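>
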Amino acid sequence: MKWTTAKAVVLLPAAATIYVPAVILWVLADTPDALSPAEPNQFRFWIGIAMALDGLVLAAWTMALFDRIGKGTPAPWAPPEKLVVLGPYRHLRNPMNSGMLLILGAESLLFGSWYLAGWMCVFFAVCAIYFPLHEEPGLERRFGESYRLYKANVPRWIPRIRPWEGP
Numbered sequence: 186m187k188w189t190t191a192k193a194v195v196l197l198p199a200a201a202t203i204y205v206p207a208v209i210l211w212v213l214a215d216t217p218d219a220l221s222p223a224e225p226n227q228f229r230f231w232i233g234i235a236m237a238l239d240g241l242v243l244a245a246w247t248m249a250l251f252d253r254i255g256k257g258t259p260a261p262w263a264p265p266e267k268l269v270v271l272g273p274y275r276h277l278r279n280p281m282n283s284g285m286l287l288i289l290g291a292e293s294l295l296f297g298s299w300y301l302a303g304w305m306c307v308f309f310a311v312c313a314i315y316f317p318l319h320e321e322p323g324l325e326r327r328f329g330e331s332y333r334l335y336k337a338n339v340p341r342w343i344p345r346i347r348p349w350e351g352p
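Residue numbers (our numbering): 186 to 352.
(1) Could you check which residue in 222, 304, 339 has the C-alpha nearest to that of residue 290?
(2) Within the continuous alpha helix (DSSP H) that includes residue 251, where are the two ends?
(3) If we call anything under 7 Å between Cβ atoms a contact, is residue 285 one with residue 202?
(4) If you count every other CB in all the chains shown that lies within 10 Å of the CB of residue 278, and 16 or more means buried, which is it?
(5) Looking only at its own chain, which residues have a Cβ that is under 7 Å from the Cβ of residue 239, when we skip the five neighbours before and after it?
(6) Enumerate, from N- to C-terminal direction, the unbroken alpha helix (DSSP H) stretches of 4 or more residues contained entirely within the stretch 284-322.
(7) Could you tell me if residue 312 is buried or exposed, where buried requires 16 or more neighbouring beta carbons within 10 angstroms of its beta carbon?
(8) What separation, rounded to the nearest whole angstrom, lies between the Cα atoms of residue 233 and residue 224?
(9) Compute the Euclidean distance between the alpha carbons of residue 347 and residue 276, then round it to the nearest angstrom.
(10) For residue 352, which residues of its own chain have a beta-carbon under 7 Å away from its beta-carbon, when the five flanking residues on both sides are left out?
(11) Look up residue 352 in the DSSP assignment and say whether it is helix, strand or coil.
(12) With H, G and I counted as helix, E and B as strand and the rest as coil, what does DSSP make of residue 222?
(13) Which same chain residues, not among the five before or five after residue 237, have their C-beta less than 8 Å away from its C-beta?
(14) Distance, Cα to Cα, residue 205 vs residue 216?
(15) Return yes when the Cβ of residue 297 is within less than 7 Å of the Cβ of residue 221, no when it is not.
(16) What's the C-alpha gap between residue 209 and residue 336?
(17) Between which residues of its own chain and residue 255 is the CB-CB distance below 6 Å, once the five residues before and five after are set aside?
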């Protein structure tokens, strides 16, 4: 893994899915009902495990596509040189963030924490504001008509059932 990709993983996805949740759990450890972890005999344990694995696979897949196809990272300091519209990007425009939301949802189920569920909602709200106001206009400037066509055919958050075939 290249240093710029490693830095993007450590600073962005890991901050949202590991560091912030760890701080939340640590700070709120002594509050009533802050930690009621799921046990293997509970349905939410297995749902949480499935969500975490799906989220990890999705996030790793999108990072690999950004690195190999886009020749960059999802981080603003090393953005991809090419527009990535393969794999999960054929179904939705933000699969990496969807993977991270799956991981955050899994953590809230596995730790039984409403605080982590709240963090997941805050993370989603920030993304829902940031993407249309900042990231998407930047992608339109960088990739022009290719991105506008992609944006018109691929939803931001709710996946298309059939993959977009592109131009």
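C-beta: ideal position from N, C-alpha, C; glycine also. On a predicted model such as this, the values are computed, not experimentally measured, just so you know.
According to the data block:
(1) Your numbering for residue 290 matches position 105 in the sequence shown. With distances taken between CA atoms, residue 290 lies nearest to 304 out of 222, 304, 339.
(2) Counted from its first residue, the sequence shown places residue 251 at position 66. That run of the alpha helix (DSSP H) goes 228-253.
(3) The residue given as residue 285 occupies position 100 in the sequence shown. The residue given as residue 202 occupies position 17 in the sequence shown. Going by C-beta atoms, residue 285 is nearer than 7 Å to residue 202.
(4) By 1-based counting over the sequence shown, the position of residue 278 is 93. Buried: at least 16 other Cβ atoms inside 10 Å.
(5) Position 54 of the sequence shown, counted from the first residue, corresponds to residue 239. The residues are 287.
(6) 299-315
(7) Walking along the sequence shown from the start, residue 312 turns up at place 127. It is buried - the Cβ of residue 312 has at least 16 other Cβ atoms within 10 Å.
(8) As a working note, residue 233 is residue 48 in the sequence shown. As a working note, residue 224 is residue 39 in the sequence shown. If you take the alpha carbons of residue 233 and residue 224, they lie about 11 Å apart.
(9) Here residue 347 refers to the residue found at position 162 when the sequence shown is read from its first residue. Here residue 276 refers to the residue found at position 91 when the sequence shown is read from its first residue. Their Cα atoms are separated by approximately 7 Å.
(10) The sequence position of residue 352 within the sequence shown is 167, counting from 1. So the qualifying residues of the chain are 334.
(11) By one-based count along the sequence shown, residue 352 stands at place 167. DSSP places residue 352 in coil when its eight states are reduced to three.
(12) Stepping through the sequence shown from its first residue, residue 222 is reached at position 37. Three-state result, residue 222: coil.
(13) Here the question's residue 237 lines up with position 52 in the sequence shown. So the list reads 287, 288, 291, 292, 295, once near-sequence residues are dropped.
(14) On the sequence shown, residue 205 is found 20 positions in, with the first residue counted as 1. On the sequence shown, residue 216 is found 31 positions in, with the first residue counted as 1. Distance between the alpha carbons of residue 205 and residue 216: 17 Å.
(15) To locate residue 221, count along the sequence shown from 1; it is residue 36. To locate residue 297, count along the sequence shown from 1; it is residue 112. Result yes, Cβ atoms of residue 221 and residue 297 sit closer than 7 Å.
(16) Translated into the one-based positions of the sequence shown, residue 209 becomes position 24. Translated into the one-based positions of the sequence shown, residue 336 becomes position 151. Answer to the nearest angstrom: the Cα atoms are 35 Å apart.
(17) As a first step, residue 255 is located in the sequence shown; it is residue number 70 there, counting from the start. If we look at residue 255 and ignore the five residues flanking it on each side, its Cβ neighbours are 265, 267, 269.
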